[in-house]
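A.B. asks:
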Amino acid sequence: MTLFLQQVVEGLGSGAIYATLALALVLIFRATGVINFGQGEMATLSAFLCWQLTAWGVSLGFAIAIAVAFSFLLGAAVERTIVRPVEQGDPLTLLVVTLGLFFVFNSIMRFFWGTTPHHLASIVPNTALNVAGVHLATQSLTTLGIVLAVALALYVLFSRTLLGIVLRAAATNPGESRLLGVNVNRMLMIGWGLAAAVGGLGGVLVAPGLGLQPTMMQVIIIFAFAGAALGGFDSPLGAVVGGLIVGVSQNLAATYIDAIGNELSVVVPFALIVAVLLVRPSGLFGTAAAGGRV
Amino acid sequence: MRKIRIARGGFVHRWLPRLALALALLIAIRLPFTQDATTNYKWTLVFIWATATLGLTLLCGFSGQISVAQSVFVASGAYTSGVLASNYDWNYLATIPPAIAISFVLGILVGLPALRLAGLYLAMVTVAAAVITPPILNQLEFAGGHLGTIVTAPEAPSWSGLAQDQWLYFVALAAALLTAVAIRNLSRGRFGKALIALKDNETAAQTFGIPPARLKTLAFGVSAAAGGLAGSLYAFVVGIVAPESFGLFMAIGFLSAAVLGGVRSLAGAFIGAIFVRFMPDYAAEVNDALPDLIYGGTLILVMLVMPTGIVGLLAKLRDALISVEDPVERAPAAPPQANLPAAKTGQPAA
Chain P
48 MTLFLQQVVE GLGSGAIYAT LALALVLIFR ATGVINFGQG EMATLSAFLC WQLTAWGVSL
108 GFAIAIAVAF SFLLGAAVER TIVRPVEQGD PLTLLVVTLG LFFVFNSIMR FFWGTTPHHL
168 ASIVPNTALN VAGVHLATQS LTTLGIVLAV ALALYVLFSR TLLGIVLRAA ATNPGESRLL
228 GVNVNRMLMI GWGLAAAVGG LGGVLVAPGL GLQPTMMQVI IIFAFAGAAL GGFDSPLGAV
288 VGGLIVGVSQ NLAATYIDAI GNELSVVVPF ALIVAVLLVR PSGLFGTAAA GGRV
Chain X
4 MRKIRIARGG FVHRWLPRLA LALALLIAIR LPFTQDATTN YKWTLVFIWA TATLGLTLLC
64 GFSGQISVAQ SVFVASGAYT SGVLASNYDW NYLATIPPAI AISFVLGILV GLPALRLAGL
124 YLAMVTVAAA VITPPILNQL EFAGGHLGTI VTAPEAPSWS GLAQDQWLYF VALAAALLTA
184 VAIRNLSRGR FGKALIALKD NETAAQTFGI PPARLKTLAF GVSAAAGGLA GSLYAFVVGI
244 VAPESFGLFM AIGFLSAAVL GGVRSLAGAF IGAIFVRFMP DYAAEVNDAL PDLIYGGTLI
304 LVMLVMPTGI VGLLAKLRDA LISVEDPVER APAAPPQANL PAAKTGQPAA
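First to last, the sequence lines map onto chains P and X. Position in the first sequence (from 1) plus 47 gives the number in the numbering used here. Position in the second sequence (from 1) plus 3 gives the number in the numbering used here.
Printed below as a string of structure tokens:
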């Protein structure tokens with residue numbers, strides 16, 4: 048039983064990492080209807096910026112704040128300059144543009160910081176709490192707590208505030224929103240900015256544990272895709288739950304199914320998303336409108 | 004600037020494209036005799052990449068389904084050929100049909116979700132397929148597990164009088180050209196027209212008796228078969244099939260090649276393949292990070308400026324230089340006056 052709980056807890060730890068990026072993916076999907084392949088690299092870039100600031104002597108908390116703010120501006124700028132001209136294009140065009148973002152941001156990081164891992168300090172010391180024989184890593188707990196808080200904040204934003212409702216309106220029905228006086232372009236920009244900020248925060252949070260290097264998010268984003276698809280691409284809550292399910296199922300499968308082991312645990316979340324997509328294309332928490340059903 | 008005017012359906016209009024094609028072919032045939040073995044090897048890979056990309060031209064260009072999984076079918080082709088050749092001593096040419104067949108079946112299987120999913124959701128399923136391919140290949144103990152299988156490159160037959168690299172070059176060129184002709188014929192025939200009809204308006208196409216499910220999965224299968232052929236050649240040319248070669252990055256490479264060249268164009272698949280195979284080499288000489296910057300920058304720029312790819316740009320250039328005009332006197336069958344100025348024809352405008 049202790050082993051089971053330990054595996055669940057560790058699964059939640061990695062699931063929290065997937066969830067941060069899944070949240071960002073979902074925000075962009077809501078704004079522009081595209082899956083952003085460059086999201087992970089944008090998040091890593093924020094983490095590098097944070098590292099650079101601390102290396103220059105800025106305190107960690109302030110550096111994180113600057114990095115997140117920078118991410119917001121970066122996301123908004125990317126939407127304004129690169130995504131907007133093709134926003135009405137077909138999905139393939141948009142997809143390829145985000146692939147381009149992936150390569151561009153990755154090469155920028157390699158150019159400035161190289162490929163050797165950097166060490167970014169964590170906001171909490173890396174110790175383990177022992178609760179009834181189960182080890183809880185403080186870093187994972189912090190990530191999990193912050194992700195849940197961000198998801199809750201986003202939920203409140205989208206359902207309780209005027210800005211959130213206007214953001215949703217601009218994304219779901221740009222034409223009518225314009226007629227009602229909504230500045231749709233600005234809303235989409237804010238959507239991308241928000242996504243980049245959430246992703247950037249995720250990058251800063253997970254960098255201490257993963258080791259900061261340009262490829263840091265490349266595996267994570269694959270599982271974030273899985274989490275977002277599982278939870279529903281238009282639901283922030285779904286993204287978090289989906290990310291956590293991916294993390295836990297991966298860990299449990301690796302522990303308990305001998306044929307799977309550590310290596311094939313990659314397969315588990317993807318078998319899961321294919322199954323979910325086939326049965327319920329909009330994901331567990333998504334609305335039917337976002338479903339990809341033909 | 005005055006444009007060159009040529010008559011529609013006239014001698015020049017009919018023969019200019021064929022002339023261009025013949026010229027390109029001549030260059031391709033001459034090329035392996037003018038350069039060293041390493042460069043021939045690079046061009047051989049270009050044709051292999053073009054073969055796989057041609058599959059995407061059919062799938063993404065004509066059928067409108069997004070696939071980030073072409074690497075999966077290249078892998079299945081490469082593994083089939085590699086295992087048959089090194090474990091069972093099959094002749095390399097004999098391994099090509101089974102490689103194509105297995106990739107075709109696998110393509111149908113991966114394409115099945117396409118019946119229920121559209122656009123980016125389908126893309127997600129194909130991303131998943133591409134990601135889980137290397138870990139699954141790792142488990143294939145009969146194919147060497149992590150290490151993969153070494154495949155001996157075939158010698159050129161003595162009647163050809165060619166060196167090994169030249170022979171492989173021509174085999175790959177022939178495969179790419181055959182695939183191009185096959186895809187061209189498929190896309191111009193009933194199958195291709197039905198695919199385009201489905202892409203433009205599925206409901207309308209259905210009322211004309213076009214079965215969407217069967218055709219869409221078939222498109223996946225045919226596209227995968229092209230990948231299988233490419234994979235089979237890959238095994239013999241590269242000389243090793245190892246799991247890590249067939250990951251998401253390879254898949255992204257094929258999709259980029261298709262889109263950069265022009266996703267609806269056969270020539271685009273070749274141009275895209277040349278770009279993704281050669282650009283990184285040149286850029287890496289300047290800076291280690293430069294290839295990806297150029298790669299990503301080009302992807303974005305092409306999508307923003309010319310969504311129809313390099314071939315689309317060339318077509319625009321052609322239209323700027325040459326104007327094709329309908330001949331005035333002959334062509335009784337053409338719809339009269341509709342697109343001609345009234346003054347030119349001497350008749351009152353309709």
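Cβ atoms here follow ideal geometry from the backbone N, Cα and C, with glycine treated the same way. Note that the structure is predicted; figures quoted are calculated from it, not measured.
1. Within 8 Å (strictly less), CB to CB, does Asp284(X) reach chain P?
2. Check whether the Cβ atoms of Gly238(P) and Leu201(P) sit closer than 8 Å, and answer yes or no.
3. If we cut at 8 Å on Cβ distances, does Gln260(P) have a partner in chain X?
4. Give the interface partners of Ile64(P) over in chain X, defined as CB-CB distance under 9 Å, in chain order.
5. Step through the CB atoms of chain C and report whether any lies within less than 8 Å of the CB of Thr140(P).
6. Just the Cα atoms here: how many angstroms apart are Leu227(P) and Leu284(P)?
7. Under 7 Å between beta-carbons, which chain P residues line up against Tyr44(X)? List them in chain order, please.
8. Over the uninterrupted beta strand (DSSP E) stretch that includes Ser224(P), give me the two end residues.
9. Consult DSSP for Arg5(X) and reduce its assignment to one of helix, strand or coil.
10. Under a CB-based cut-off of 8 Å, is Ala112(P) close to chain X?
11. For Ile212(P) and Phe205(P), I'd like the C-alpha separation in whole angstroms.
12. Based on DSSP bridge pairs, tell me the residues matched to His165(P).
13. Flag Gly356(P) as yes if its beta-carbon sits less than 8 Å from any beta-carbon of chain X, otherwise no.
14. Is it a yes or a no for the region 100-114 of chain X touching the region 135-149 of chain X, going by three-plus beta-carbon pairs under 8 Å?
15. Return the residues of the region 156-175 of chain P that lie within a Cβ-Cβ distance of less than 7 Å from chain X, sorted by chain order.
16. What did DSSP end up calling Glu134(P) once you bin it into helix, strand or coil?
17. I'd like to confirm the pairing. Which residues does DSSP put opposite Ile243(X) in its beta bridges?
18. Roughly how many angstroms separate the alpha carbons of Ala322(P) and Leu109(X), rounded to a whole number?
19. Does the Cβ of Phe278(X) have 16 or more other Cβ atoms within 10 Å, making it buried, or fewer, making it exposed?
20. Identify every residue that forms a DSSP beta bridge with Val178(P).
21. Excluding the five sequence neighbours on either side, which residues of its own chain have a C-beta within less than 7 Å of the C-beta of Gly279(P), listed in chain order?
22. Using a Cβ-Cβ distance cut-off of 8 Å, determine whether Leu198(X) contacts chain P.
23. Distance cutoff 8 Å, beta carbons only. Does Val293(P) sit that close to anything in chain X?
24. How is the beta strand (DSSP E) around Ser268(X) delimited, first residue to last?
25. Looking at the C-beta of Pro132(P), does it have a partner C-beta in chain X at a distance below 8 Å?
26. Which residues mark the beginning and the end of the beta strand (DSSP E) in which Glu328(X) is found?
27. When DSSP labels each residue in this structure, what does Leu120(X) get in the three-state scheme?
28. Taking the straight line between their C-alpha atoms, what separation do you get for Leu142(P) and Gln86(P)?
29. Can you list, in chain order, the residues of its chain with a C-beta nearer than 7 Å to that of Asn153(P)? Leave out the 5 residues immediately preceding and following it.
30. State the DSSP-derived secondary structure class of Ala72(X), mapped to helix, strand or coil.
31. Going by DSSP in three states, Ala166(X) sits in which element: helix, strand or coil?
32. Mind reading off the beta-carbon distance from Gly246(P) to Ala90(P)? Whole number of angstroms is fine, and I expect it under 8 Å.
33. Quick one: does Gly180(P) have its CB under 8 Å from some CB of chain X?
34. Assign Val293(P) to one of two classes, buried (16 or more other C-beta atoms within 10 Å of its C-beta) or exposed (fewer than that).
35. Could you tell me whether the Cβ atoms of Ala227(X) and Gly58(X) are closer together than 8 Å?
36. Using a Cβ cut-off of 7 Å, pull out every chain X residue sitting near Asn153(P), in sequence order please.
C.D. replies: So, from the listed chains and residues:
1. no
2. no
3. no
4. The contacting residues do not exist; Ile64(P) stays about 17 Å from chain X at best.
5. Of the protein chains in the structure, P and X, none is chain C.
6. 28 Å
7. What Tyr44(X) touches in chain P: nothing, since even the nearest Cβ is about 25 Å away.
8. First-last for Ser224(P): 221-226, but that is the alpha helix (DSSP H), not the beta strand (DSSP E).
9. coil
10. no
11. 6 Å
12. Leu259(P)
13. A question about residue 356(P) goes unanswered here, because the residues of chain P that appear run from 48 up to 341.
14. no
15. Arg157, Phe158
16. coil
17. Ile153(X)
18. 18 Å
19. buried
20. Val181(P)
21. Gly285, Ser329, Gly330, Leu331, Phe332, Gly333, Ala337
22. no
23. no
24. Segment: none, Ser268(X) is in no beta strand (DSSP E) and carries neither H nor E.
25. yes
26. 325-328
27. strand
28. 12 Å
29. Glu88, Pro261
30. coil
31. coil
32. 4 Å
33. no
34. buried
35. yes
36. Asp295
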